[in-house]
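Under this note's numbering, the residues of the sequence shown are numbered 114 to 385, in order. Heads up, the beta-carbon is just placed ideally off N, CA and C, and yes, glycines get one too. Computed from a predicted structure; not experimentally measured. Input: a single structure, listed below in structure tokens.
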Amino acid sequence: MRLTSSGRHHAAFEFGDLRVVSLRDGYIDMPPTLLRDEHGCAFDVLPGAVPLVGGNLRLSVNAFFITDGTRSVLVDTGASDAWHEPTMGLLHDALDEAGIDRAQITDVAITHRHLDHVSGLIAPDGSEAFAKLERVWIGAADAPVFTGRLEPLRDRVVPVSEKAAINDWTTAVPAPGHTPGHTVYDIRSGTGRLLVWGDTVHVPTLQFDRPNVAWEYDGDQPRARTARAALLEQLAQPQWFVAGAHLDSPGIARVAPAGDGYALEYLAPRIG
Ligand SMILES: [Zn+2]
114 MRLTSSGRHH AAFEFGDLRV VSLRDGYIDM PPTLLRDEHG CAFDVLPGAV
164 PLVGGNLRLS VNAFFITDGT RSVLVDTGAS DAWHEPTMGL LHDALDEAGI
214 DRAQITDVAI THRHLDHVSG LIAPDGSEAF AKLERVWIGA ADAPVFTGRL
264 EPLRDRVVPV SEKAAINDWT TAVPAPGHTP GHTVYDIRSG TGRLLVWGDT
314 VHVPTLQFDR PNVAWEYDGD QPRARTARAA LLEQLAQPQW FVAGAHLDSP
364 GIARVAPAGD GYALEYLAPR IG
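The following block contains the structure:
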């Protein structure tokens, strides 16, 4: 995987016969009291060197576009204006900066139902963000999110309840825990594998070193821990890369065993 271009809102990589583009939707600041130790309790004292900004954790919000030049898939869509946070909702700027025409996007794969992943299907003016959208893949248990503002897209929802090929090089793999329908996407190129793993980790400065640390919004914390442990073990194998919605933008890295946990090695300098 090789960085080919980057800017304020995107970084593009050559990945064998595929092009992988990280798209920065923005960031969100959240209190460290949302972290949970292995017993499900908040920390009295934060472990390790967890950087804070104004007392908060700063989480990047990323989406990922992968293409072979003919077929493409966009994984997650950012927050649009759902949280009324001016620090998020920049996906369209990122797509423009990367030279990707959103009017040509036909397939969107959603990792889970939370608003910072699914809301970007609808533009702030209420119109559909992707005019030629044909399919929205999402874990079956998270598919009920397609009501209200997202209701018009319901006829294009493809619910995923077991491993499913969504094109020649992308497989949807259920990884429940963070939400019941949390789904990761396994991208195969001629030179390696990339796992776009949604919200498996929220705080990269802590949860690789200590994978047992959970997040209050992990709907089922024990199950999220189990899923994270299994995916980290997989990613520590040769040829694997990870792309994370809340890893520091652009959020593409390698994972290696380190001590009782893992170390993260980003493939490109931080953006945003
Ligand atoms: Zn998220």
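Check: CB H359 to CB P317, shorter than 9 Å?
Finding: yes
Checklist line | N-terminal and C-terminal residue of the beta strand (DSSP E) that T283 is part of | finding: 283-287
Check: Whole beta strand (DSSP E) runs in the region 349-381 with 3 or more residues, listed along the chain?
Finding: As far as the region 349-381 is concerned, its whole beta strand (DSSP E) runs of at least 3 residues are 353-356, 365-371, 374-379.
Checklist line | Terminal residues of the beta strand (DSSP E) in which P272 lies | finding: 270-273
Check: When a residue counts only if its C-beta is closer than 6 Å to some heavy atom of ligand 1, which residues count, in chain order?
Finding: Here the list is H227, D229, H230, D312, A358, H359.
Next item on the list: Could you check the C-alpha separation between A369 and D181 for me, to the nearest Å?
Entry: 28 Å
Check: How many Å lie between P287 and V221 at the Cα?
Finding: 16 Å
Next item on the list: Measure how close the beta-carbons of A262 and I235 come, nearest whole angstrom, since I'm counting them as under 8 Å.
Entry: Rather than Ala, the amino acid found at residue 262 in this sequence is Arg. Confirmed, about 5 Å.
Check: Which whole-angstrom value describes the C-beta separation of L307 and A356, a residue pair presumed to lie in contact below a C-beta threshold of 8 Å?
Finding: 6 Å
Note to self: Would you call the region 235-249 in contact with the region 267-281, where contact means no fewer than 3 C-beta pairs closer than 8 Å?
What the structure shows: yes
Note to self: So, at 6 Å on beta carbons, what are the nonlocal neighbours of E151 in its own chain, with the 5 sequence-adjacent residues on each side left out?
What the structure shows: N325.
Check: Under three-state DSSP, which class holds V314?
Finding: coil
Item checked: Own chain residues within Cβ distance below 8 Å of G161, not counting five before or after -> T318, L319, D322, R323, listed in sequence order.
Check: For M143, which beta-bridge partners are listed by DSSP?
Finding: M143 is bridged to L170.
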